[in-house]
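*Asks:* This is the structure, below, for whatever I ask next.
4 protein chains.
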Amino acid sequence: MPNLDTILHQLDQKARLDADWGQVASYIPQLARVDPAQFAISVVTADGQLHQAGDHGVAFSVQSITKVFTLAIALGRSGDQLWTRVGREPSGRAFNSIVQLEQENGRPRNPFINAGAIVTTDAVLGNRAPREALAEIIHFVRSAAGSGDIHINETVAASETAYGHRNFALAHFLAAHDNLTNSPDKVLGTYFHHCAIEMTTAQLAMAGRFLIHAPNMPRLVSPRRIRRLNAMMLTCGHYDGSGDFAYRVGIPGKSGVGGGILAIVPHQAAIAVWSPGLNRYGNSHRGTEALAELTTRMGWSIF
Amino acid sequence: MPNLDTILHQLDQKARLDADWGQVASYIPQLARVDPAQFAISVVTADGQLHQAGDHGVAFSVQSITKVFTLAIALGRSGDQLWTRVGREPSGRAFNSIVQLEQENGRPRNPFINAGAIVTTDAVLGNRAPREALAEIIHFVRSAAGSGDIHINETVAASETAYGHRNFALAHFLAAHDNLTNSPDKVLGTYFHHCAIEMTTAQLAMAGRFLIHAPNMPRLVSPRRIRRLNAMMLTCGHYDGSGDFAYRVGIPGKSGVGGGILAIVPHQAAIAVWSPGLNRYGNSHRGTEALAELTTRMGWSIF
Amino acid sequence: MPNLDTILHQLDQKARLDADWGQVASYIPQLARVDPAQFAISVVTADGQLHQAGDHGVAFSVQSITKVFTLAIALGRSGDQLWTRVGREPSGRAFNSIVQLEQENGRPRNPFINAGAIVTTDAVLGNRAPREALAEIIHFVRSAAGSGDIHINETVAASETAYGHRNFALAHFLAAHDNLTNSPDKVLGTYFHHCAIEMTTAQLAMAGRFLIHAPNMPRLVSPRRIRRLNAMMLTCGHYDGSGDFAYRVGIPGKSGVGGGILAIVPHQAAIAVWSPGLNRYGNSHRGTEALAELTTRMGWSIF
Amino acid sequence: MPNLDTILHQLDQKARLDADWGQVASYIPQLARVDPAQFAISVVTADGQLHQAGDHGVAFSVQSITKVFTLAIALGRSGDQLWTRVGREPSGRAFNSIVQLEQENGRPRNPFINAGAIVTTDAVLGNRAPREALAEIIHFVRSAAGSGDIHINETVAASETAYGHRNFALAHFLAAHDNLTNSPDKVLGTYFHHCAIEMTTAQLAMAGRFLIHAPNMPRLVSPRRIRRLNAMMLTCGHYDGSGDFAYRVGIPGKSGVGGGILAIVPHQAAIAVWSPGLNRYGNSHRGTEALAELTTRMGWSIF
């Protein structure tokens, strides 16, 4: 068995030598300003040990990765009823496409594209105030990570609101199809805030432990639901690059536009990787490369 | 030459006997409540005479028909620059489709579908307050009609705002593509108000005189622009039923979801017809039938 | 009234000075080889006089312009039944798009896009041999033109067959939706042949006389059908550039990829223009420019 | 550990009691005539043992399941070059959609939708005669299954050709985009023949052994390629129902319109299930239900 610490150290070195950083997200100034040279990787194994390399102490905007946590919460609140409002098929489209939404009468393809995550957020809201729903989300994430030091970056949330016309379009479109129980403004306020949660890769890997499905891990959802969350991360977790990620990396994962990826090796490990530059699908370029090499060298592909 | 008054009288009688009224628009209560049995037709001929039959004194919500007036104003303000922001091709889609907007990067196909009319409204707004732009629009319409008794129904405008999620989606989508200079809320506030103008068919036919292109008619735009507004009404004036309207009626026209249609016989007449029930394209059912018979009997097809 | 001969002469001179020739169709060698410098325009007025300028004696491949003649024949054979198989709405798509066909279950939007013309050709075929149907088509065109010297270019037809994969795709797709009564091979054999008819602009203008709707013109279809063919040419005759043509030229017209356009001034004239270079919609660039100027100077817009 | 034989026996009994059989494919008479009551399941475990229940001796048309074998062969012949001609993303569309093909310029989304499998077949053909390519395919399948008694049903192949307009449309469309090196007729002749291979579930499960990735299994492709074939089966193996299959069944699988499914439990087992009735995605209804229960009870989900 190869030594995990050695591999992580090598991946970190290799990432820093990689001339191709990808493109840092630029739609809001807070993301555009992030230093693209940064790279971090943290792995929690089933024995609870944390292995890591690189900038694992730097907090970054997890963005869409929170969709995994909000989906877990929404399923806890609504159960399989949720699937009447959102599908679980890969979308074959960009993350923010509105075309499919029109063709499918306002039912988003899955909870990991923006439209689907807006519906999930609405389900988490229920008839509560955004403040209460956000308190539940942040509590869930902190419990999962075993850390109280996880916060929402209000400046990022405000920026998303100011530049979020496409998400407003999606939310109003969902409302036009009676697929929101709260107003678009209220749902998006909540949505932009939970996407603005910041974590280090150390925290994010720890927060992913509940999806490992191993003893001594935080038990936040049932084993059956763990399997299904992982299945959905595999088929839909990387937008229109999900097939490629499954093919090359071979494990469930969810990316965020901030350059983070949370990936799960069922029964064995939770991995958080971060590097701000994105590939053409909007997923971390160097993060994906590192994961592909890590799963190959560790024999961690699920296939 | 057949007698126009006789024909209009017969069309009115026939419309009242037509068992198929179509479907009255039901997305806002103010439209849903309108008595579907009503029918009115008014014709202004090039000699300035007004001929009419039916409920020509009843004011109705002109809705999308105002897009003709706002387009005329927008072209007056922006000139051909406007065409960089909106196309002039038939859409081949429903009036409120968002699909095409995504495929064509936020440039609506033409100014008569909702997305295009929102852009046109933004051009009319410029950097003015909505109140000022609305004052110009209402002034234009009153001048065209030669009547000061034309008003905006504030209740309808408020209802449109409350139920207008699809239009909010379109506006935010346009903003996401940098095709709005004002905020979606400001543009839609103006849009919903000018769509809520109410007129009788008598007023609407009179308001259409400037498009006849005949001497002694109000001269609000140049002859060249008259031709082009008429051309656009012919190819795009009835959404996805424009080809059918051209084929059966054979003259330029613009319909509104309130059941009105303004149609122009170049050099000869302006026609306003109204009956609230709509056909499957969202255009007045009995209004279209009456126009088809009128143009046939009068030899008014332009083809 | 301006002098028509003078204008045509000036248009010819202007076209020859126009540095922008557009792009000659290159999908088959026979079209790719045509000298792009050529230009011709012929006009038949309601008094039967032929006015012309440029290379009006050179025969060119009329291609999609034959769709007007085959539609006239198909309507004569099938009547309004034809509209159950093909629509009459502008397509909002490229001439050879297959997308819309799938979305609308194999019913083409109109008879002037390729898919629609393939259905029309199938209707002309009926249960006859291609040879018989082609004989009727060529007979119709010769009668319309008053000339026996109009022929099919067999080399062009063969080339179309060899390079016609997209049309084969469309035909098989129509067959899959039970919208062909003959085999795709048989229908396309006929289709490629009638598209390969060659005419001079003089012949084509003469062939368009039956659409003028004036006394002393060949009476090949009823006045009601003339109006409807013209309406369809206006809304659908230039593919995804139909709105632009209506806006700028203002009369019904049908273009072909060979660079020809047949345009009709109802009650007044039939115009044939030809110049091989195409604009981005696949319609003759210099031909369209010449028509725009001609209708403006002659006051021939129908709007 | 539950007893596999007992479970299979119970699944068989349960399937026969299931009132909902789904819909048998009816596009060709040979499939429409199959008795929908039939059900069979066969499992080969990593120790080489074959466990089965139901009609496991009845041969059925494997149809699209052969796409797994032809993809393996095509990758062997072309290597990663194949991915320049076909993608590896879920399609988000029906198996025979042509829309996406137009939007993506003739590059099919993945090798398991029809368009992609036609490209794969073309790659297997190379510049050989169809007979030679088919010999290789049948040899590969027989070697994998360890049985010489596997054949092509010529009647089915002929029927597919006769009713295959949609596949002809796809093939011509691919040819129009220069994505076929052989003629559509030649490629489809080969395609229809390999889809017409017939196997029993016993043979099919045995043929799937090379994808188990365990010692003592036939070694037909490299371990790296095994992982990637499995990844692709998971994300794309059930058309537009792939997400649902991953979510509910949790292992890689490939379905065929004949009602068969080949599913792989990496490192542990190959499963073939068959029941002719299909669900709305075109995948075996009772087969999917049986697999969902089997993986749950055996703990075989990969997630």
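Chains as they are written, first to last, in our numbering: chain A, 1 to 303; chain B, 304 to 606; chain C, 607 to 909; chain D, 910 to 1212. C-beta atoms are modelled at their ideal positions from N, C-alpha and C, and glycine is treated no differently. Computed from a predicted model, the values in this text were never measured in an experiment.
(1) For a quick check, are the C-beta atoms of C/S697 and C/I671 less than 8 Å apart?
(2) Please state whether the Cβ-Cβ distance between B/A508 and B/L353 is less than 8 Å.
(3) If you measure from the beta carbon of A/T45 to each beta carbon in chain D, is any gap under 8 Å?
(4) In its own chain, which residues sit with a C-beta less than 7 Å from the C-beta of A/A74, not counting the 5 before and 5 after it?
(5) Taking C/I743 as the reference, give the member of C/K620, C/R683, C/A775 and C/D784 with the closest Cα.
(6) A/F210: which of A/I7, A/A37 and A/F69 sits nearest, CA to CA?
(7) If you draw a straight line from the C-alpha of D/Q1177 to the C-alpha of D/M1126, how long is it?
(8) Out of D/T915, D/L913, D/D914 and D/D927, point me to the one whose CA is closest to D/H1194's CA.
(9) Secondary structure at A/Q13, three-state DSSP: helix, strand or coil?
(10) Could you please give the first and the last residue of the uninterrupted beta strand (DSSP E) stretch that includes C/E804?
(11) May I ask which residues mark the beginning and end of the alpha helix (DSSP H) holding A/G243?
(12) Tell me, please, whether the CB atom of B/S446 is closer than 8 Å to any CB atom in chain A?
(13) By the criterion of Cβ-Cβ separation under 8 Å, what are the contact partners of B/E405 in chain A?
(14) Just to confirm my understanding: we take C/G628, look at its own chain, exclude 5 residues before and 5 after, and list those with CB closer than 6 Å. What are they?
(15) Thinking C-beta only, is D/G1159 closer than 8 Å to D/I1170?
(16) Give me the chain C residues within the contact set of B/M535, using Cβ-Cβ distance strictly less than 8 Å, ordered along the chain.
(17) Using a Cβ-Cβ cutoff of less than 6 Å, which residues in the same chain neighbour A/N153 once the five nearest sequence positions on both sides are dropped?
(18) Three or more C-beta pairs closer than 8 Å, one from the segment 526-540 of chain B and one from the segment 470-481 of chain B: is that the case here?
(19) Which runs of the beta strand (DSSP E) spanning at least 3 residues fall entirely within the segment 774-826 of chain C, listed in chain order?
(20) Using the DSSP secondary-structure output, state which residues sit across from B/S260 in a beta bridge.
(21) If D/I1027 and D/L1083 are in contact, beta carbons under 8 Å, what's the gap, nearest whole angstrom?
(22) Buried or exposed, going by whether 16 or more other CB atoms sit within 10 Å of the CB of D/D989?
(23) Starting from C/A751, follow the alpha helix (DSSP H) in both directions and report where the run begins and ends.
(24) CB-CB under 6 Å to B/L307, same chain, minus the five flanking residues each way: which ones, in chain order?
(25) In terms of alpha-carbon separation, which member of B/A349, B/S578 and B/D481 lies closest to A/R166?
(26) If you draw a straight line from the alpha carbon of D/Y1100 to that of D/R1040, how long is it in whole angstroms?
(27) On the DSSP bridge assignment, give the partners of C/V630 in chain order.
(28) Counting only beta-carbon atoms, is B/C539 nearer than 8 Å to chain C?
(29) A/H194: which of A/F303, A/A133, A/A202 and A/A145 sits nearest, CA to CA?
(30) With distances taken between CB atoms, is the gap from D/G1152 to A/N283 smaller than 8 Å?
(31) Return the chain-ordered list of same chain residues with a C-beta closer than 8 Å to the C-beta of D/S1210, the five sequence neighbours on each side being excluded.
(32) Quick one: does D/E998 have its CB under 8 Å from some CB of chain A?
(33) Could you confirm whether any beta carbon from chain A is found closer than 8 Å to the beta carbon of D/I1046?
(34) Using the C-alpha atoms, what's the distance from A/D185 back to A/V34?
(35) Can you tell me where the beta strand (DSSP E) holding A/S255 begins and where it ends?
(36) D/N1139: buried (16+ other C-beta within 10 angstroms of its C-beta) or exposed?
*Replies:* Quick look at the numbers:
(1) no
(2) yes
(3) no
(4) L82, T120, A123 and V124
(5) C/R683
(6) A/F69
(7) 11 Å
(8) D/D927
(9) helix
(10) I803 to M805
(11) S242 to R248
(12) no
(13) S97, I98 and V99
(14) G883, L884, N885 and H891
(15) no
(16) G849, A852 and Y853
(17) A196 and E198
(18) no
(19) 803-805
(20) Residue numbering for chain B in the displayed model covers 304 to 606; residue 260 of chain B lies beyond these limits and cannot be assessed.
(21) 6 Å
(22) exposed
(23) P736 to A751
(24) H354
(25) B/D481
(26) 11 Å
(27) C/G883
(28) yes
(29) A/A133
(30) no
(31) V1158, G1159, I1160 and T1204
(32) yes
(33) no
(34) 28 Å
(35) G253 to S255
(36) buried
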